[in-house]
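Worksheet: the structure to be examined is printed underneath.
Residue numbers (my numbering): 10 to 199.
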């Protein structure tokens, strides 16, 4: 859940706080602002952000599996509460590298997304097979770029500076149609 934790730290402003006590106070206030009950949510979010669970909050006496399930439910509830205040656009890139807990959270969000103003944009390589239902999801498979598209992209990235055809051929061969690789090869050549 590392990317989710980082996202929530920024969204809740925890990254702006200097120490654990201030982060805990901020987290409590943000949970209240989003209409979550701190007595129930804090024992789930404190360990998530590597903050100490101290009075008035106590660690939950549940199995690790139940703790994880409750934490994922709390994260989803928080995201939907944020979406109630203003629409939320969530980008989840490179799902082929995502850990199982992040996939579980996304599954939960996809299942519940039609209920609120939450748009989830996910990217993955073609070999990725989602474990969640794709019914109601718009799937946009992207193919690799062709030689003409790579040449166009190189022109745009170099602000139409003339590139020898041999260089473009080299980039096209090495990039294998992947736009990110085109950018990286150009950057390395620059």
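In this text, a Cβ means the ideal position worked out from N, Cα and C, and glycines have one as well.
As the structure is a computational prediction, the values presented were derived from the model and not from experiment.
Do residue 84 and residue 60 count as a contact pair if the criterion is CB distance below 7 Å? no
Check whether the Cβ atoms of residue 172 and residue 191 lie closer than 7 Å to each other. no
Could you say which of 198, 152 and 69 lies nearest to residue 186 if we only look at CA atoms? 152
Can you check whether the CB of residue 50 is closer than 7 Å to the CB of residue 40? yes
Given a threshold of 16 other Cβ atoms within 10 Å of its Cβ, counted over all protein chains shown, does residue 52 qualify as buried or as exposed? buried
From residue 139 to residue 100, what distance separates their C-alpha atoms? 16 Å
Along the chain, which unbroken stretches of the alpha helix (DSSP H) at least 4 residues long are found entirely within the segment 62 to 139? 73 to 94 and 109 to 121
Please classify residue 80: is it buried, with 16 or more other beta-carbons within 10 angstroms of its beta-carbon, or exposed? buried
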